[in-house]
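Protein chains in written order, with the numbering used here: chain F, 172 to 513; chain B, 172 to 513.
Each remark here refers to the structure printed beneath this line.
Number of protein chains: 2
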Amino acid sequence: MTEVSALGEFGLIQRLTQRFSTQDDSTIKGVGDDAAVLDAGKQKVVVSTDLLVEGIHFDMMYTPLKHLGYKAVVVNLSDIYAMNARPKHITVSLAISSRFTVEALEEIYEGILHACKVYNVDLVGGDTTSSLKGLIISVTAVGYANEEKIVYRNGAKVGDLIAVSGDLGAAYLGLQLLEREKRIFLEDQNITPDLESEKYLVGRQLKPEARKDIIDFFEEMNLQPTAMIDVSDGISSDILHICSQSKVGCQIYEDEIPIVEETAERALTFNLDPTTCAMNGGEDYELLFTIDEADETKLVDVPGISIIGKIVEKEEGCLLVTKGGNRVAITAQGWNHFSSSF
Amino acid sequence: MTEVSALGEFGLIQRLTQRFSTQDDSTIKGVGDDAAVLDAGKQKVVVSTDLLVEGIHFDMMYTPLKHLGYKAVVVNLSDIYAMNARPKHITVSLAISSRFTVEALEEIYEGILHACKVYNVDLVGGDTTSSLKGLIISVTAVGYANEEKIVYRNGAKVGDLIAVSGDLGAAYLGLQLLEREKRIFLEDQNITPDLESEKYLVGRQLKPEARKDIIDFFEEMNLQPTAMIDVSDGISSDILHICSQSKVGCQIYEDEIPIVEETAERALTFNLDPTTCAMNGGEDYELLFTIDEADETKLVDVPGISIIGKIVEKEEGCLLVTKGGNRVAITAQGWNHFSSSF
Numbered sequence: 172m173t174e175v176s177a178l179g180e181f182g183l184i185q186r187l188t189q190r191f192s193t194q195d196d197s198t199i200k201g202v203g204d205d206a207a208v209l210d211a212g213k214q215k216v217v218v219s220t221d222l223l224v225e226g227i228h229f230d231m232m233y234t235p236l237k238h239l240g241y242k243a244v245v246v247n248l249s250d251i252y253a254m255n256a257r258p259k260h261i262t263v264s265l266a267i268s269s270r271f272t273v274e275a276l277e278e279i280y281e282g283i284l285h286a287c288k289v290y291n292v293d294l295v296g297g298d299t300t301s302s303l304k305g306l307i308i309s310v311t312a313v314g315y316a317n318e319e320k321i322v323y324r325n326g327a328k329v330g331d332l333i334a335v336s337g338d339l340g341a342a343y344l345g346l347q348l349l350e351r352e353k354r355i356f357l358e359d360q361n362i363t364p365d366l367e368s369e370k371y372l373v374g375r376q377l378k379p380e381a382r383k384d385i386i387d388f389f390e391e392m393n394l395q396p397t398a399m400i401d402v403s404d405g406i407s408s409d410i411l412h413i414c415s416q417s418k419v420g421c422q423i424y425e426d427e428i429p430i431v432e433e434t435a436e437r438a439l440t441f442n443l444d445p446t447t448c449a450m451n452g453g454e455d456y457e458l459l460f461t462i463d464e465a466d467e468t469k470l471v472d473v474p475g476i477s478i479i480g481k482i483v484e485k486e487e488g489c490l491l492v493t494k495g496g497n498r499v500a501i502t503a504q505g506w507n508h509f510s511s512s513f
Numbered sequence: 172m173t174e175v176s177a178l179g180e181f182g183l184i185q186r187l188t189q190r191f192s193t194q195d196d197s198t199i200k201g202v203g204d205d206a207a208v209l210d211a212g213k214q215k216v217v218v219s220t221d222l223l224v225e226g227i228h229f230d231m232m233y234t235p236l237k238h239l240g241y242k243a244v245v246v247n248l249s250d251i252y253a254m255n256a257r258p259k260h261i262t263v264s265l266a267i268s269s270r271f272t273v274e275a276l277e278e279i280y281e282g283i284l285h286a287c288k289v290y291n292v293d294l295v296g297g298d299t300t301s302s303l304k305g306l307i308i309s310v311t312a313v314g315y316a317n318e319e320k321i322v323y324r325n326g327a328k329v330g331d332l333i334a335v336s337g338d339l340g341a342a343y344l345g346l347q348l349l350e351r352e353k354r355i356f357l358e359d360q361n362i363t364p365d366l367e368s369e370k371y372l373v374g375r376q377l378k379p380e381a382r383k384d385i386i387d388f389f390e391e392m393n394l395q396p397t398a399m400i401d402v403s404d405g406i407s408s409d410i411l412h413i414c415s416q417s418k419v420g421c422q423i424y425e426d427e428i429p430i431v432e433e434t435a436e437r438a439l440t441f442n443l444d445p446t447t448c449a450m451n452g453g454e455d456y457e458l459l460f461t462i463d464e465a466d467e468t469k470l471v472d473v474p475g476i477s478i479i480g481k482i483v484e485k486e487e488g489c490l491l492v493t494k495g496g497n498r499v500a501i502t503a504q505g506w507n508h509f510s511s512s513f
């Protein structure tokens, strides 16, 4: 194993970035100068940033470094897609304590590289430095969109339908499984965790994907959402963002919330309500969006997109209509650690 | 004092960002959605990022929080100016341990706001989260330039003159002073540090400025540098970047290196060679650049810009010509902590 100090500053940059060739014509200058240079052409530039901290956002005991690098990129790309824009470039800054070797850093970059390839984005800059404790990753993503295509959180209007991609709650249950196995392992290190049968839930937590395909679908169908947000904190919190910024209310129908069988079953073994996991679990990185009523036909029977509610007058509030027909006010629960993106 | 948790996630964002109104027409959407939206028009987009870590890049014992926020922004703007571009937007991500109160965060943002005003940049996004230990600040700056105006590190050619703005070594001596006072204070807490007479050196360390005025000067004089870099690691390291990327050598004349009296005197009291401080001290955030010989007249007698050397054939190497006429190979010393920006 190689100490980071053995390579020297520029040796390290060289080693970590040598395999990142630029892929996109809009990358004029990537790594290697004071700043990257990008070609915006006639499009608008969309920028998003996130900071991931060891012990807060991820646990090194069960997070493979490669997945960590992948996820750090994906969560930022997800924010760009949530604007109905296309990410093209990322910068990645890392702070590491002395316990990380060059090989460990390379593992993280392996995941970053994989994300760059899957999503066709270029690594164009970064900063790698020491930390007193643990690992910190800061990613900034830059994307582009034609102005009239950009979808904000404030465009939902009364009568719009509320839709969400994929399924919800799985990432949260994946986290519960990993935390449980960690506790068991810490109590008795002879027990090797077996999560083979839980691949789906654990995968949703450790290696989420951003929904580029949904943005492609919108383009194909010529469908322009009226508002959109990515599901990072859980749809409770996320729909409240849309409603507050759009100055509207909403009704979400509990029986339309997409929850797969693995999630529902696993929730019950943890004595958790599957709907609560779906509403407040977070980290699903699905897209929650609203569309004009007239566009409903474009979404009917589309696999992987569920219509889960509708936008109503602000005075009606933000309500969950339960399976039993009760109306419950939606509140942002936030199972999560303190974290505020803006 | 207010615990961060008392405000809640969105209350905190609101409190920290409410005073940042957007100033620039190219900021279409700043804080408040999944990502910021910027208008690139016909210009190229320039992006730079840096990560500052408590205990590595700054010491809370002698760094006022307001200055820290200011400096974190300025070091990134400096990178954008070093491309001969104009910064317009920044994102700021913070990770803080529980010992930081809302008021402490507000102090940091006060400095960020001040930098935004001084340099006419808009805060357009960020992320604020917990850390297990200490304070971490990640800043990304976005700027613009016409393609033909952008200055890279690789354009220096044989015969070009090497110039630098301002003076060198002061920030490094400011750091030595602060470290000395810290040691004294830790030994006897009844001694209050008095750095009033050292304002210049300490100010260069704690509150550096980015050289926007030099970019304005280039524009006014219609002067296009052939290569440029900002002086973050010391001109030894920085001129080697230009030479290696431009595939040339250089000669730097020791007696042309701009060192003010305060720096020279203070260096001697620390038993340091002033030239070594200027060459390897770093954190001056001046601009080191090369110009075509034919442009020399545009720089002669310009206050605050010094011609310190010339570009030669690669085979001649990178040399410091000392006051005594000796030629010494320039090496990147890096007094600093491990830190690699790319």
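Heads up, the beta-carbon is just placed ideally off N, CA and C, and yes, glycines get one too.
Remember, predicted model here, so these are calculated numbers, not experimental data.
Check                                                                                                                                                                        : Outcome
Determine which residues of the region 277-294 of chain B have a Cβ less than 8 Å from any Cβ of chain F, and write them out in chain order.                                 : none
Where residue 476 of chain B and residue 457 of chain B are concerned, what is the direct C-alpha to C-alpha distance, given to the nearest angstrom?                        : 10 Å
Between residue 211 of chain B and residue 211 of chain F, is the Cβ-Cβ spacing less than 7 Å?                                                                               : yes
Please report whether the beta-carbon of residue 215 of chain B lies at a distance below 7 Å from any beta-carbon of chain F.                                                : yes
Does the beta carbon of residue 286 of chain B fall short of 6 Å from some heavy atom of the ligand NAD?                                                                     : With respect to small molecules bound, the structure shown includes none, and the ligand NAD cannot be examined in it.
For chain B, is any of its Cβ atoms less than 7 Å away from the one on residue 227 of chain F?                                                                               : yes
Report yes or no: do the region 259-275 of chain F and the region 190-200 of chain F share at least 3 C-beta pairs separated by less than 8 Å?                               : yes
Contact criterion: CB-CB distance below 7 Å. Does residue 177 of chain F meet it with respect to chain B?                                                                    : no
Just to make sure I have the definition right: I need the residues of chain B whose C-beta is within less than 7 Å of the C-beta of residue 304 of chain F. Which are they?  : 303 and 304
First and last residue of the beta strand (DSSP E) that includes residue 200 of chain B?                                                                                     : 198-200
Would you call residue 317 of chain B buried or exposed, if buried means 16 or more other Cβ atoms sit within 10 Å of its Cβ?                                                : exposed
Since residue 311 of chain F sits in a beta bridge, which residues does DSSP pair it with?                                                                                   : F:220 and F:262
Based on the DSSP output, what are the partners of residue 296 of chain B in its beta bridges?                                                                               : B:262
Against chain F, with Cβ distances strictly below 7 Å, would residue 209 of chain B count as a contact?                                                                      : yes
Measure from the alpha carbon of residue 463 of chain F to the alpha carbon of each residue in F:430, F:225, F:423 and F:396, then state which is nearest.                   : F:396
If contact means a Cβ-Cβ distance below 9 Å, which residues of the region 217-246 of chain F contact chain B?                                                                : 217, 218, 219, 220, 221, 222, 223, 224, 225, 226, 227 and 228
If you check the beta carbons only, do residue 341 of chain F and residue 407 of chain F fall under 7 Å apart?                                                               : no
Would the beta-carbon of residue 252 of chain F fall within 7 Å of that of residue 381 of chain F?                                                                           : yes
Taking the C-alpha atoms as reference points, what is the distance between residue 451 of chain B and residue 294 of chain F?                                                : 29 Å
Does any residue of chain F bring its CB to less than 7 Å from the CB of residue 500 of chain B?                                                                             : no
By DSSP's criteria, residue 424 of chain B is part of a beta bridge. Which residues make up the other side?                                                                  : B:492
Can you look up residue 461 of chain B in the DSSP assignment and give me helix, strand or coil?                                                                             : strand
What is the residue span of the beta strand (DSSP E) that residue 374 of chain B lies within?                                                                                : Run containing residue 374 of chain B: none in the beta strand (DSSP E); it sits in the alpha helix (DSSP H), 370-377.
Select from F:483, F:220, F:431 and F:427 the residue whose C-alpha is nearest the C-alpha of residue 300 of chain B.                                                        : F:220
Enumerated in chain order, which unbroken segments of the beta strand (DSSP E) with a length of 3 residues or greater are wholly contained in the region 245-291 of chain F? : 257-267
To which residues of the same chain is residue 461 of chain F closer than 7 Å at the C-beta, ignoring the five residues directly before and after it?                        : 327, 331, 332, 333, 396, 397, 398, 413 and 482
Check whether the Cβ of residue 343 of chain F lies closer than 7 Å to any Cβ atom in chain B.                                                                               : no
Looking at residue 309 of chain B and residue 222 of chain F, is the spacing between their C-beta atoms short of 7 Å?                                                        : yes
Specify the secondary structure class of residue 506 of chain B as computed by DSSP and reduced to three states.                                                             : Reliability of the predicted coordinates at residue 506 of chain B is poor, the pLDDT of 43 falling under 50, and the value obtained from them is presented with this limitation in mind. Three-state DSSP puts residue 506 of chain B in coil, outside helix and strand.
Nearest-angstrom Cα distance between residue 204 of chain B and residue 422 of chain F?                                                                                      : 22 Å
Please return the same chain residues whose Cβ sits closer than 7 Å to the Cβ of residue 507 of chain F, not counting the five positions on each side in sequence.           : Low local confidence applies: a pLDDT of 46 at residue 507 of chain F is under 50, so the model's placement there is unreliable, with the coordinate-based value given in what follows. Once the five neighbours on either side are set aside, the close Cβ partners of residue 507 of chain F are 404 and 453.
Rounded to whole angstroms, what's the CA-CA distance from residue 213 of chain F to residue 213 of chain B? Just pull it up for me.                                         : 7 Å
Based on Cα-Cα distance, which residue from F:424, F:229, F:245 and F:226 lies nearest to residue 402 of chain F?                                                            : F:245
Less than 7 Å between the C-beta atoms of residue 217 of chain F and residue 314 of chain F, yes or no?                                                                      : yes
Which residues does DSSP pair with residue 401 of chain F in a beta bridge?                                                                                                  : F:458
Taking CB distances under 7 Å as the criterion, tell me whether residue 189 of chain F reaches chain B.                                                                      : no
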